[in-house]
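**Student:**
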Amino acid sequence: MNVPVCFRQLKPQRVMGCGVGKSRPQQEKCDKVSISVPAATAIRAALLIQRWYRQYVARLEMRRRCTWNIFQSIEYAGEQNQIKLYNFFGFLMDHFTPASSERNLISHIFRENEVCHETEWERYFCYKGVEVPDSYSGPHLTFPMTFCGVSKLMEALKQKQQLHARYVLQILGETWRLLRFLPNINHVSVCQTKEITICGDLHGQLEDLLLIFYKNGLPSCEKPYVFNGDFVDRGKNSLEILLILFGFLLVYPHDVHLNRGNHEDHIVNLRYGFTKEVLGKYRVHGKKILKLLQKIFSWLPVATVINHKVLVVHGGISNSTNLNVLTRMDRHRYVSVLRPPKMIHGSSSRNGDAGGPVEGRRRVRSLTNHSFASTQRSVSPRRSLHNLSVNNDVSGSVEDELRKRHRLAGLDPAYRDTKTAEPDSEPRFGEGTGRHGHEWKQIVDLLWSDPMPQNGCIPNEVRGGGCYWGPDVTEEVLGRHNLQLLIRSHECKQDGYEFCHNRRVLTIFSASNYYEVGSNRGAYIRMGPDLVPHCIQYQASRTCRELTLRQSVRWTERSALQALKEQLFVHKSDLISAFKEFDPNKTGMISLRHWAVATESVLKLGLPWRMLRPQLISRTQYGMVNYQQWIRELSITEPKLQVSDTSIMDTMYKNHSNLETIFRMIDTDHSGLISFEEFHQTWKLLSSHLKMEISDKAIADLAQSMDFNKDGSIDINEFMEAFRLVDLSTHS
Amino acid sequence: MADNNQSAEAQSDIHKKIRSAFKTFDFLSNNTVEACEINSVIYSLGCFPTQADLHAFISEVGEDNSGFIELDKFLPAMTKILLEHRFPPIPEERLLQAFEVLDKEKKGYLEPEELRKYMTEEGEPFTQEEMEEMLTALVDNKQKCVLYKEVIGQLVIDPDT
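In order, the protein sequences belong to chains A and B. Numbering follows UniProt numbering, in which position 45 of the first sequence is assigned residue number 45; successive positions increment by one, without gaps. Numbering follows UniProt numbering, in which position 137 of the second sequence is assigned residue number 137; successive positions increment by one, without gaps.
#1: Measure from the C-beta of Ala77 (chain B) to each C-beta in chain A and report whether the shortest distance is under 7 Å.
#2: Which bits of chain B does Ala58 (chain A) rub up against, with CB to CB less than 7 Å?
#3: Run down chain B in chain order and give the residues with a C-beta less than 8 Å from the C-beta of Cys66 (chain A).
#4: From the DSSP output, which residues share a beta bridge with Ser573 (chain A)?
#5: Thinking Cys66 (chain A) and Thr24 (chain B) are a contact (beta carbons under 8 Å), I'd like their distance in whole angstroms, please.
#6: Is there contact between the stretch 225–243 of chain A and the stretch 196–210 of chain A, where contact requires at least three CB pairs shorter than 8 Å?
#7: Could you check whether Gly229 (chain A) and Arg180 (chain A) sit closer than 7 Å to each other, using their CB atoms as the reference points?
#8: Please work out which residues of its chain come closer than 6 Å, Cβ to Cβ, to Val61 (chain B), disregarding the five sequence neighbours upstream and downstream, and give them in chain order.
#9: Just grab the DSSP bridge partners of Ser675 (chain A) for me.
#10: For the stretch 603–622 of chain A, list every residue whose C-beta sits within 7 Å of some C-beta in chain B, in sequence order.
#11: Residues of chain B with CB under 7 Å from Glu61 (chain A), in chain order?
#12: In terms of residues, what are the limits of the alpha helix (DSSP H) holding Gln537 (chain A)?
#13: So, does the stretch 575–590 of chain A touch the stretch 617–628 of chain A, judging by three or more C-beta pairs under 8 Å?
#14: Give me, in chain order, the residues of the same chain whose beta-carbon lies closer than 6 Å to that of residue 743 (chain A); leave out the 5 immediate sequence neighbours on both sides.
#15: With a CB to CB cut of under 7 Å and the five nearest residues on each side skipped, what residues in its chain are close to Gly21 (chain A)?
#16: Compute the Euclidean distance between the alpha carbons of Thr275 (chain A) and Pro91 (chain B), then round it to the nearest angstrom.
#17: Report the residues of the UniProt domain "EF-hand" (90–125) of chain B with a CB closer than 9 Å to any CB of chain A, ordered along the chain.
#18: Could you give the distance in angstroms between the alpha-carbon of His406 (chain A) and the alpha-carbon of Pro183 (chain A)?
#19: What does DSSP give as the partner residue(s) for Phe499 (chain A) in the beta ladder?
#20: For Met154 (chain A), which residues of its own chain have a beta-carbon under 7 Å away from its beta-carbon, when the five flanking residues on both sides are left out?
#21: Determine the DSSP secondary structure at Met611 (chain A), reduced to helix, strand or coil.
#22: For Glu9 (chain B) and Pro88 (chain B), what's the separation of their Cα atoms in angstroms?
#23: Would you call the stretch 121–134 of chain B in contact with the stretch 60–76 of chain A, where contact means no fewer than 3 C-beta pairs closer than 8 Å?
#24: For a contact defined as C-beta to C-beta under 9 Å, what are the partners of Gln454 (chain A) on chain B?
#25: For the alpha helix (DSSP H) containing Met119 (chain B), name the first residue and the last one.
#26: Are Ile525 (chain A) and Ile185 (chain A) touching if we call contact CB-CB under 7 Å?
#27: The alpha helix (DSSP H) that contains Tyr43 (chain B), what's its start and end?
#28: Could you tell me the alpha carbon to alpha carbon distance between Tyr127 (chain A) and Cys36 (chain B), rounded to whole angstroms?
#29: Go ahead and label Leu367 (chain A) buried or exposed: buried means 16 or more other beta carbons lie within 10 angstroms of its beta carbon, across all protein chains shown.
#30: State the Cα-Cα distance for the pair Gly138 (chain A) and Glu150 (chain B), rounded to the nearest angstrom.
#31: Given a cut-off of 7 Å, decide if Asn262 (chain A) and Leu447 (chain A) are closer than it, judged by their beta-carbon atoms.
#32: At 7 Å on the CB atoms, spell out the chain A contacts of residue 162 (chain B), in chain order.
#33: Judging by CA-CA distance, which residue of A:Phe297, A:Ser559 and A:Gly518 is the nearest neighbour of Gly173 (chain A)?
#34: If contact is defined by three or more beta carbon pairs under 8 Å, each pair taking one atom from either stretch, is the stretch 289–305 of chain A in contact with the stretch 691–704 of chain A?
#35: Applying a beta-carbon distance threshold of less than 7 Å, which residues of chain A neighbour Ser20 (chain B)?
#36: Going along the chain, which unbroken runs of the alpha helix (DSSP H) with 4 or more residues stay wholly within the stretch 130–207 of chain A?
Written as structure tokens, this is what we have:
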């Protein structure tokens, strides 16, 4: 094929967003190019090579982006699932009749934490009763904390020693006490020669924190730091990170600033590993430690403002963000940001102080109001169930109303196909009404939102909470508060940082290799009084820095594909059903086009299946794929135990994380064990949520087979382990 | 008639390819992609345009200057490009010839500095960043030079079929 290579004139080329080097006059070059090669030919050759190479790089970038999208969509789908599950529980709480036994289970989970005064808490959390045995070889802490003390602690944790529970409780206790004195918004000033350092998500990756300290220096009066949330979950050293950060906070309370992230939330921790980490490391005192952490998380400030000009928050903003509202609220009432604020006085909603039943705990978000300004569907006002039980005037009509709602929620099998109980009608957290609802939305938006390129402000359906906000909202909110820059985290970025919205928003992410070795760099920001941010990048493991472009893409790609294959596997029966719909003649084959359509309809990840096809399907015949064989070839192991009812197995796989979350919620004393009865109720709840039938017999069978110790209770970890997906084809 | 069917099918096939590639950068799934990302889309469809070609194409489809390219403008324009094979791939022989042209002394390899000089000063020059990336990828670790004959063979990416 004849390729015409045209001679292009040399003039400054600007392709939007992609820098092109400066041009130089042609004459200079002639001098440098040797006489044996005519200038024009050399230039043509160079052009060809540039063209070829840019194409190659772009193709790699495309693959890298695809891989990224895979990881990210699986991650966000998981978050969304959890929120849906949690919303569902909240929904149930409002609609159960008092007599229901399921209600007991759920209220068990949502149990208002006790009507305690702070002094009683102090007693409960007291470390003094915890003895440190002579055999303990870990670090000993003395209080008040000193710089030496924290350094020694850090050193010990680096050596993989474990801090004794007594000291953990002590350091957490001190932290709790200190945080109570802090305002909702940290106001920091950077002046003269000082520079401030801002770090993003760490997610339990201790190596990254240590690397930052190594490159940048430890926190001190001369070296202030802001840590912008998400210290915990996913990585395996969440607790160690907290201990170090809290240690420095105690030593330098005016120079170390912590912002709450969406993962500083005990509900989220149930799913994403922090709860498990703590209970695993501290079998005796883990429960107490977790409780104390709950308090600490709720007392973390929600934002930091530097020199009145730079706003630092974990997630972002929305068009209704109002720093005055945020300054005034009682932030500690949001124990979990997924739940409405808890009552300060008393657990029942007999709220004298809080302004009547309208503001009561159960008056959560309005069922169908998706914007708190308007009502889209007519809904009768919510009633507090407590009020009803007290009120002797319970008329038949009210009970009927309740029963109707119970049915509408899909909980009564006779009315299971009532359409109103759609997933969409489940209330989303953070969208409340009334003063508390408004405040609640403010804090959710701050911790969960993401920026988008387009103008406007829309609900963040992908994560399930917060907003997507556009450049116009950035301008408006920054302008309104007289600010010049918004620094946030919350999203993993390949280079560790990314500007957007005309460089008015800067995302900083400090967990390198977040999705996989080589997936991304981490970064932190240094900023002086001129408030110009400088981003410094790093990557935790030495090996991946030396990988070439091609190698690192391949590596992450393989991992992403593995994650995707797992998703495909857990949905295999739905996939087969969807494929069969395109195969009415039962040939066992479908076209690639139908494969893509069917797969997206089941997984709903919004991925470009057609592009991924070559890496997911190894064999096709004339553009058709044998779908049964393909599923088998995904090569994921079968579970260790066999249960007669295969549909329950499928549900298990698909709802792996949900189940674990529910189990851990039920296990309120954090013993790691649940009873058969609780197990049964869990499944009943799950089947309500999924709107499907699961027979009592199937559940009983499963329970029997799960009772590994034959002692009448089920060990959560063993249960989950039995269903862990293991790839058989690890040596591909 | 058969021809019509074939070309209709070919076109529909091309549309799907374009949509798929577009989708990867379509952040909010609302059929727009930022203009600065569209190059990657175009390249990934197997095209080898110059920077000037890209610039011209973008002005054509992103006329409203919003910084975003809409799918409904992109699709027909890109389809035309693909059907016309307007920016066809560079055959290996031509690439080899190009390297040989730059290898004035006919050594069989290029010194990194030689390559750098050409890439950053001639044609549509590379930025520093682009240059560093190219050197990382192309320079042989042991011999510290660009063994272009080998490199051309290694750096071929299979187009998605």
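Just so you know, even glycine gets a beta-carbon here, dropped at the ideal spot from N, CA and C.
**Tutor:** Once the coordinates are examined:
#1: no
#2: Asn39, Ser40, Tyr43 and Ser44
#3: Thr24
#4: For Ser573 (chain A), which the question treats as bridged, DSSP gives no partner whatsoever.
#5: 6 Å
#6: yes
#7: no
#8: Ile69, Lys73, Phe74 and Ala77
#9: A:Ser713
#10: Gly606, Pro608, Arg610, Met611 and Pro614
#11: Ser40
#12: No alpha helix (DSSP H) holds Gln537 (chain A); the beta strand (DSSP E) holding it covers Pro533 to Tyr538.
#13: yes
#14: Because chain A is modelled from 1 through 732, residue 743 (chain A) falls outside the range shown and cannot be assessed.
#15: Model confidence at Gly21 (chain A) stands at a pLDDT of 37, short of 50, so the residue's coordinates are unreliable and nothing is read from them.
#16: 57 Å
#17: Ile90, Pro91, Arg94, Leu95, Gln97, Ala98, Phe99, Glu100, Val101, Leu102, Lys104, Glu105, Leu115, Lys117, Tyr118, Met119, Thr120, Glu121, Glu122, Gly123, Glu124 and Pro125
#18: At His406 (chain A) the pLDDT is 42, less than 50, meaning the model places this residue with poor confidence; the figure from the coordinates comes in the next sentence. Going by the C-alpha atoms only, they are around 42 Å apart.
#19: A:Leu506
#20: Ile244
#21: helix
#22: 21 Å
#23: no
#24: Phe27, Leu28, Asn30, Thr32 and Phe68
#25: Pro112 to Glu121
#26: no
#27: Ile38 to Ser44
#28: 57 Å
#29: Its pLDDT being 23, under 50, Leu367 (chain A) is placed unreliably in this model, and the value from its coordinates should be taken loosely. The residue in question, Leu367 (chain A), is buried, as its Cβ has 16 or more Cβ neighbours within 10 Å.
#30: 56 Å
#31: yes
#32: Residue numbering for chain B in the displayed model covers 1 to 161; residue 162 (chain B) lies beyond these limits and cannot be assessed.
#33: A:Phe297
#34: no
#35: Pro608, Arg610 and Met611
#36: 147–158 and 165–179
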